[in-house]
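Contents: one structure, followed by commentary.
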Amino acid sequence: MILCVHLPRFELVAAAGGPEALTGRALAIAPSGSGPARVGEVSGTAQAQGVQAGMMLGEALARCPTLELVPGDPVQVAQSWEQTARALEGIGAQLELARAGLAYFDGSGLVGLHSGEDGLILATRKALGRPARIGVAPSRFCSLAAALETRTRRVRRVSEREVRRYLAAQPVGILSYRSQTATLVASLQQLGLGKLGALVKLTAAEMADRFGEPGTLARRLTLGYDTPLRVRRVENQLAESMRLGEANSGLLLERTLEVLVDRLLARSQRRGRTVRAITLSARLAERGTWRESVVFREALSDPRRIRLALTQRLQLLPAPAVALQLAVDEFGPAGGNQGSLLDGERTARLARLQDAVSQVRTLAGPNAALRALVVDPRSRVPERKVLYAPWQQ
Amino acid sequence: MRSPTIAKPAAPKAPKPVHVEAEDGQPLALAGVRVEEVREDWLVEDRWWTAQPIRRHYWELITVRGQNVVVFHDKLIDRWFSQTA
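Those protein sequences? They're chains A and B, same order as listed.
The first sequence begins at 5 in my numbering and counts up by one.
The second sequence begins at 2 in my numbering and counts up by one.
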């Protein structure tokens with residue numbers, strides 16, 4: 005039994021400052037700095053006037069001249085979604101997070117814990133603390149269809165027997181919620197295939213011939229088959245942040261990043277593990293935030309290589325920043341000391357030094373070994389010129 | 002026995018409170034030591050666009066003992082601090 009929890013317009017609610025801000029207003033998330041100028045999520049009022057998420061800005065404004073654009077707030081969205089996910093994990097749910105506002109979990113093991121299916125849904129609603137659409141079905145795809153169909157504060161249950169019939173009557177647009185099948189939607193609609201049931205009428209070979217692997221997957225999903233949930237591991241998030249003074253661009257920003265990387269790697273909660281993915285985010289001087297996920301080619305624990313990868317992303321900052329944050333998204337295996345090709349005496353000495361620093365830290369705490377890092381040598385305020393950062397080789 | 006944990010030290014150039022005797026805003030003595038000469042003074046007004054603005058009047062002084070010291074008067078809280086520049 006898979007539960008799909010859908011919080012409509014999650015990103016817009018976060019960016020607008022609350023659900024009440026959407027009432028009676030035609031709002032849309034402004035296009036981001038890069039790529040084509042397409043609006044993000046739109047409010048109900050804007051939707052009623054023909055504006056849809058992903059529409060070109062010009063067309064959206066032509067359809068709704070009173071459309072108000074709000075800057076996206078990806079950091080707030082991520083924080084808010086993380087809180088929501090933690091709350092759901094608090095009732096015992098092992099979540100697959102599809103995107104902000106959309107999550108799945110297997111409720112089979114939780115039914116006993118919450119005195120039945122109704123008890124579980126009640127606990128889910130309580131944990132969410134806001135109106136949500138909930139779909140309950142044997143497969144993930146079917147539960148998504150049920151959640152999208154139902155109204156807010158309602159639950160739609162689809163039993164094992166009615167899955168195929170139910171899915172066959174659903175619009176093909178649901179496939180856009182799945183990255184592997186999203187590209188199919190436009191083609192299917194152009195071919196006049198409006199409902200999923202049309203896919204089942206074609207054979208698997210015909211689907212594969214015309215649409216390739218996405219087509220085969222779409223057909224399997226329509227028949228009620230689905231891949232197992234990919235649940236996330238629950239652990240405390242490791243993050244470091246720093247407010248920026250004048251050091252909000254260029255070289256100075258890179259030095260701040262250096263301090264953050266060192267601090268993050270020095271945290272005892274890392275337990276010697278390497279880092280596989282990091283999120284770099286910033287609060288911008290003007291309104292709004294910026295967020296960039298960086299997945300390393302291999303799990304790293306070398307601060308220089310991490311810095312090298314992250315510094316390139318700093319160039320993408322759309323405006324001067326007032327605060328910078330680094331958060332570990334995923335850890336790699338422990339160890340991961342990347343040895344150099346020429347392993348000489350210097351490396352051995354540094355290894356001994358690292359060992360000594362570790363021992364001192366164990367005895368006297370993380371502040372026992374620090375290094376002074378010149379952050380902003382030309383600052384008019386002397387205490388901003390140099391900062392202490394954890395000693396990290 | 003476990004060693005005591007070391008607290009994080011203040012920033013390398015963090016201001017330290019100091020007792021200054023002043024007249025009309027100009028320092029005359031520093032921790033009881035008379036000021037021989039004022040070499041330079043300058044104003045720093047910064048971060049006025051934030052919730053933590055900075056308004057400081059810096060003085061570079063030579064005391065009668067020959068020390069070269071930089072102090073500043075924090076105009077927002079009306080207190081004196083010494084600081085390495």
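Just so it is clear, CB atoms sit at the ideal spot from N, CA and C, and this is done for glycine as well.
Taking the alpha-carbon positions, what's the residue i to residue j distance?
i, j, result
"A/A151", "A/I282", "31 Å"
"A/I178", "A/R271", "43 Å"
"A/L261", "A/A104", "27 Å"
"A/L304", "A/R280", "6 Å"
"A/R236", "A/T185", "22 Å"
"A/V390", "A/R375", "10 Å"
"A/L31", "A/A64", "11 Å"
"A/G336", "A/S362", "21 Å"
"A/A368", "A/A360", "12 Å"
"A/G198", "A/G292", "38 Å"
"A/R29", "A/V378", "48 Å"
"A/Q51", "A/P23", "16 Å"
"A/T208", "A/G216", "The residue asked about is misnamed: residue 208 of chain A is Ala in this sequence, not Thr. Looking at the two C-alpha atoms, the distance is approximately 10 Å."
"A/L1", "A/R90", "Within the shown structure, residues of chain A are numbered from 5 to 397, placing residue 1 of chain A beyond reach of any answer."
"A/L233", "A/L314", "31 Å"
"A/V189", "A/Q53", "23 Å"
"A/A57", "A/L16", "11 Å"
"A/A325", "A/M246", "11 Å"
"A/G133", "A/L99", "17 Å"
"A/L264", "A/R388", "15 Å"
"A/C68", "A/L26", "15 Å"
"B/R80", "B/H58", "11 Å"
Who are the Cβ neighbours of residue i in its own chain at under 6 Å, not counting the five residues just before and after it?
i, result
"A/D213", "none"
"B/Q84", "P16, V71"
"A/E3", "Residue 3 of chain A lies beyond the range of chain A shown here (5 to 397); nothing can be said about it."
"A/F145", "L225, D230"
"A/A34", "L73, P75"
"A/R277", "F335, A338"
"B/G67", "none"
Can you list the residues of chain B that residue i reaches, using a CB-CB cut of under 9 Å?
i, result
"A/Y170", "Under the 9 Å cutoff, chain B gives no residues; its nearest Cβ is about 55 Å from A/Y170."
Return the first residue and the last residue of the alpha helix (DSSP H) that residue i is part of.
i, result
"A/S163", "From DSSP, A/S163 is part of no alpha helix (DSSP H); its letter is neither H nor E."
"A/T88", "78-93"
"A/A281", "It is not in any alpha helix (DSSP H) - A/A281 instead sits in the beta strand (DSSP E) that spans 277-288."
"A/R65", "This sequence places Leu at residue 65 of chain A; Arg is not what is there. Note, A/L65: alpha helix (DSSP H), 61-67."
"A/Q263", "It should be noted that the sequence gives Val, not Gln, for residue 263 of chain A. A/V263 -> alpha helix (DSSP H) spans 254-270."
"A/I310", "307-318"
"A/L367", "349-368"
"A/E15", "14-20"
"A/T226", "208-226"
"A/A129", "The amino acid at residue 129 of chain A is misidentified as Ala; the sequence shows Arg. Per DSSP, A/R129 belongs to the alpha helix (DSSP H) from 121-132."
Starting from residue i, follow the beta strand (DSSP E) in both directions and report where the run begins and ends.
i, result
"A/L195", "No beta strand (DSSP E) contains A/L195, which DSSP labels as neither H nor E."
"A/T156", "Premise fails: A/T156 is in no beta strand (DSSP E) and is neither H nor E."
"B/S83", "80-83"
"B/G67", "It is not in any beta strand (DSSP E) - B/G67 carries neither H nor E in the DSSP assignment."
"B/Q27", "27-31"
"A/V390", "390-394"
"A/Q329", "325-338"
"A/Y108", "106-110"
"A/V167", "No beta strand (DSSP E) holds A/V167; the alpha helix (DSSP H) holding it covers 167-172."
"A/A376", "374-378"
Check whether the Cβ of residue i lies closer than 9 Å to any Cβ atom in chain B.
i, result
"A/R382", "no"
"A/A372", "yes"
Using a Cβ cut-off of 9 Å (strictly closer), state whether residue i contacts chain A.
i, result
"B/V45", "yes"
"B/I78", "no"
"B/D75", "no"
Closer than 8 Å by beta-carbon distance: list the chain C residues that pair up with residue i, in chain order.
i, result
"A/Y392", "Protein chains A and B are contained in the structure displayed, whereas chain C is not."
So with CB distances below 8 Å, who are the chain A contacts of residue i?
i, result
"B/I55", "V385"
Give me the chain A residues within the contact set of residue i, using Cβ-Cβ distance strictly less than 7 Å, ordered along the chain.
i, result
"B/P16", "E387"
Please list, in chain order, the chain B residues whose beta carbon lies closer than 7 Å to that of residue i.
i, result
"A/G369", "T6, I7"
"A/A376", "P13"
I want to verify the contact list: residues of chain A whose CB lies under 9 Å from the CB of residue i, in sequence order.
i, result
"B/Q84", "P386, E387"
Taking 8 Å as the limit between beta carbons, can you name the residues of its chain near residue i, skipping five residues before and five after?
i, result
"B/P60", "Before going further, note that residue 60 of chain B is Trp rather than Pro in the sequence given. Answer for B/W60: Q27, P28, V39, E41, D42, V71, V72, F73, H74, listed in chain order."
"A/P394", "D266, R267, L269, A270, P370, A373, L374, R375"
Who are the near neighbours of residue i in its chain, counting only those whose CB is closer than 7 Å to its CB and skipping five residues on each side?
i, result
"B/A32", "V19, H20"
"A/A323", "L288, A289, E290"
"A/P135", "T156, R157"
"A/L171", "C146, A149, L200, T226, G228"
"A/E258", "T315, L318"
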